[in-house]
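First the structure, in the form of structure tokens, and then the observations on it.
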Amino acid sequence: MMELRCMNDDILMQVLSKLSTKDVHMLKCVAKEWHNLTLDRSFICLQLKKTEAVSGFFFQARFQWCDEDISNISYIPLETRKTQVHSTVLNFLPEEVGILASCNGLLCCRSSYPRYPPLIYVCNPLNKQWMSVNSVHYSTSASAALVFDPFKLHKDDASPNFKIVTVSETESEDEQSKFAFQIYSSETGKWRQSREMCHCNQKLFKKNGIFADGSLYWLMDGDKILMFNPETELSWLLNVPLPITEFRSIPEICIGESKGKLQCVLLSEYGLQLWALEDFFTSQWNLTCSVSLDKLEEENSQFLYQIAEKLATRDTFCWIKVFAFKDGILFLSVSSHFYSYDFATRKMKKLCAISDLGPNSREFPMVVPYTMSLVLLCPV
Amino acid sequence: MIVLNSSDGATFEVEESVAVQSQTIKHMIEDNCADTSIPLPNVNGVTLARVLEYIKKHAEAKDDEEGLKSFDAEFVKVDQASLFEIILAANYLDIKGLLDLTCQTVADQIKDLTVEEVRAIFNIMNDFTPEEEAKLRNDHAWAFE
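The listed protein sequences correspond, in order, to chains F and B.
Numbered according to the working numbering, the first sequence spans residues 1 to 380.
Numbered according to the working numbering, the second sequence spans residues 1001 to 1145.
Take a look at the structure:
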């Protein structure tokens, strides 16, 4: 066993700052001094990393046709020897919530219905800090996204600068659907309606907004992706990488962020494809990974069997569905279990049974990727 | 040429352009404290020799990224005690690259250890009561492995 003299504080900070958030967090238990270090602003700034791999996924089942919330929120960690589902992670919040979005370690939720107007919560589950934001306008059909750059902390107290952007559908005079955007800034503490509106006849699909490369993206239920840049306040409608007409049956689609870009996962008769957005203006996507269904089955034969046939007959029962994507990891369901698929290793990993997450978990859940961060919402 | 004296009386000569990779030495030179030689009472001879090996290599092979990478990898293959001495020296001499490299090495070594093993290595007393520690682990079980 190695023996070292006690390191001085300066050096301890240097060494610990090189660890991933998960490793630093675990070392809280070593001694009180180390615990306090994880709450120290200058240490947190030192430890902030440009990229940390996704830690896990928050999962909340949703009723398809009713506004009531299903209170159970599960957290499914990745990178663990034995995956265990945790269901009390957000119990530190003062009331039951519905998850909305996550960005760089912060989670955004809203108070459960029927409370109206809802309170929006922004929290860091790792240090259990939270703050609430009033939102008079938030409607049941709205969707939200969180914008948070951990490297742009307030100069004075290193508190986070974040924005919450909600998008809601309004009907315009010509009966066309329009999407309006409301922006909350933690700097001003105020909401305002953006003058920008986006016309689109499709509805929002997987409701959590993805923050990538400075903009927010929401997947629509057809072949479009709604984009909104909270700085320039410009919105745009992008096309998904391949037109829906190209497919014999509707492909499984989800979007997520990886390597600073918006990525789109398509699962269809052509296989499992990962596309990176190169230019939103022209909807130009770059195919970065493509695995045929046969290869996918061959490389993960213990979990997949006859995918091609099953995908072709997905009218009544969806045997395979994709839900969320972050940092090269896809969260999907196959038959009665949830899995992660790593595009780098092309390996699937069984996470848990669908039934472990409660009833109603199969259809239209809210799945939000989460990456741990030490960032403090308020000074300790 | 700059002359450096280690804590145990060893003398080393090094070119000024190389020595200024150490911010500490750089400031001493600028403040004119370096007429005859620079005393470094916090660094022993063996460690100073190693540090000089590092900064010499990084000065001469500045643009050879691949070469430096493999040099660095070999450089940190030393016993724990020596590694620790180099960290202290790099900190005192304020050589950022060396400090980053050695701290990253220690970080990589401890990241797979249990809390108890980390306590042993750093010789740290656990000042949590058993109840406090149990509560801490329980509250955060979801984030640990």
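Quick reminder that beta carbons are idealized off the backbone N, C-alpha and C, glycines included.
Here the structure is a predicted model, which is why all the values come from computation and not from measurement.
For residue i, which residues in the same chain have their Cβ closer than 8 Å to its Cβ, ignoring the five residues on either side in sequence?
| i | result |
| --- | --- |
| F:Lys128 | Phe92 |
| B:Thr1102 | Val1076, Leu1083, Ile1086, Ile1087, Ala1090 |
| F:Pro243 | Asp223 |
| F:Arg41 | Asp157, Ala158, Leu376, Pro379 |
Give the range of the beta strand (DSSP E) segment to which residue i is assigned.
| i | result |
| --- | --- |
| F:Lys190 | 190 to 199 |
| F:Asn72 | 69 to 77 |
| F:Ile120 | 119 to 124 |
| F:Trp275 | 271 to 279 |
| B:Phe1075 | Premise fails: B:Phe1075 lies in the alpha helix (DSSP H), 1065 to 1075, not in any beta strand (DSSP E). |
| F:Asn8 | First-last for F:Asn8: undefined, no H or E at that position. |
| F:Trp218 | 215 to 219 |
| F:Trp130 | 129 to 134 |
| B:Asn1005 | 1002 to 1005 |
| F:Pro369 | 366 to 370 |
| F:Gln263 | 261 to 268 |
| F:Phe205 | Careful: F:Phe205 lies outside any beta strand (DSSP E) and carries neither H nor E. |
| F:Met227 | 224 to 229 |
Locate the alpha helix (DSSP H) running through residue i, then write down its first and last residues.
| i | result |
| --- | --- |
| B:Thr1011 | Where B:Thr1011 is concerned, there is no enclosing alpha helix (DSSP H), although the beta strand (DSSP E) it sits in stretches over 1011 to 1014. |
| B:Phe1122 | 1115 to 1122 |
| B:Asn1138 | 1130 to 1139 |
| F:Arg41 | 41 to 47 |
| B:Leu1099 | 1096 to 1110 |
| F:Trp34 | 32 to 37 |
| B:Thr1047 | 1045 to 1060 |
| F:Ala312 | 307 to 312 |
| B:Gln1021 | Premise fails: B:Gln1021 is in no alpha helix (DSSP H) and is neither H nor E. |
| F:Lys295 | 293 to 299 |
Helix, strand or coil: how does DSSP classify residue i here?
| i | result |
| --- | --- |
| B:Asn1091 | helix |
| F:His337 | strand |
| F:Pro243 | coil |
| F:Cys66 | coil |
| F:Thr288 | strand |
| F:His86 | strand |
| F:Lys22 | helix |
| F:Gln14 | helix |
| F:Leu27 | helix |
| F:Lys347 | strand |
| F:Ile250 | coil |
| F:Ser235 | strand |
| B:Lys1026 | helix |
| F:Phe57 | strand |
| F:Lys182 | Note that residue 182 of chain F corresponds to Gln in the displayed sequence, not to Lys. Three-state DSSP puts F:Gln182 in a strand. |
| F:Ser112 | coil |
| F:Glu171 | strand |
| B:Glu1085 | helix |
| F:Leu107 | strand |
| F:Asp342 | strand |
| F:Ser102 | strand |
| B:Ala1143 | helix |
| F:Ser361 | coil |
| F:Ser373 | coil |
| F:Ser355 | helix |
Closer than 6 Å by C-beta to residue i: which residues in its own chain qualify, once you throw out the five before and the five after it? Chain order, please.
| i | result |
| --- | --- |
| F:Glu299 | Arg346 |
| B:Ala1059 | Val1018 |
| F:Phe343 | Leu274, Cys289, Gly328 |
| F:Lys207 | Ser143 |
| F:Ala308 | Leu293 |
| F:Lys310 | Trp319 |
| F:Glu233 | Ser194, Glu196 |
| F:Ser71 | Glu96 |
| F:Gln202 | Met220, Asp221, Gly222, Lys224 |
| F:His199 | Gln176, Lys178 |
| F:Pro369 | Val54, Phe57, Ala324, Lys326 |
Using a Cβ-Cβ cut-off of 7 Å (strictly less than) and excluding sequence neighbours within five positions of residue i, which residues of its own chain qualify?
| i | result |
| --- | --- |
| F:Ala276 | Lys261, Gln263, Trp285, Asn286, Thr288 |
| F:Glu246 | none |
| B:Gly1067 | Ala1061 |
| F:Cys62 | Reading off the sequence, residue 62 of chain F comes out as Arg, not Cys. The answer, listed in chain order, is Ile70, Phe364, Pro365, Met366. |
Under 7 Å Cβ-Cβ, which residues of chain C neighbour residue i?
| i | result |
| --- | --- |
| B:Leu1004 | In the structure shown, chain C cannot be found, because the protein chains are F and B. |
Contact list for the stretch 1118 to 1137 of chain B against chain F, Cβ threshold 9 Å: Val1118, Arg1119, Ala1120, Ile1121, Phe1122, Asn1123, Ile1124, Met1125, Asn1126, Asp1127, Phe1128, Glu1132, Glu1133, Leu1136, Arg1137
Selection of the stretch 204 to 228 of chain F by Cβ proximity to chain B, strictly under 9 Å: none
Contact list for the stretch 1058 to 1092 of chain B against chain F, Cβ threshold 8 Å: Gln1080, Ala1081, Phe1084, Ile1087, Leu1088, Asn1091
Near-chain F residues of the stretch 1011 to 1041 of chain B (beta-carbon distance less than 7 Å), N- to C-terminal order: none
Members of the stretch 65 to 99 of chain F that neighbour chain B once the beta carbon cut-off is set at 8 Å: Tyr75, Pro77, Glu79, Thr80, Arg81, His86, Thr88, Val89
Near-chain F residues of the stretch 1044 to 1056 of chain B - C-beta to any C-beta below 7 Å: none
Members of the stretch 288 to 314 of chain F that neighbour chain B once the beta carbon cut-off is set at 7 Å: none
Interface positions of the stretch 1104 to 1118 of chain B facing chain F (Cβ-Cβ less than 7 Å), listed along the chain: Gln1104, Val1106, Ala1107, Lys1111, Val1115, Val1118
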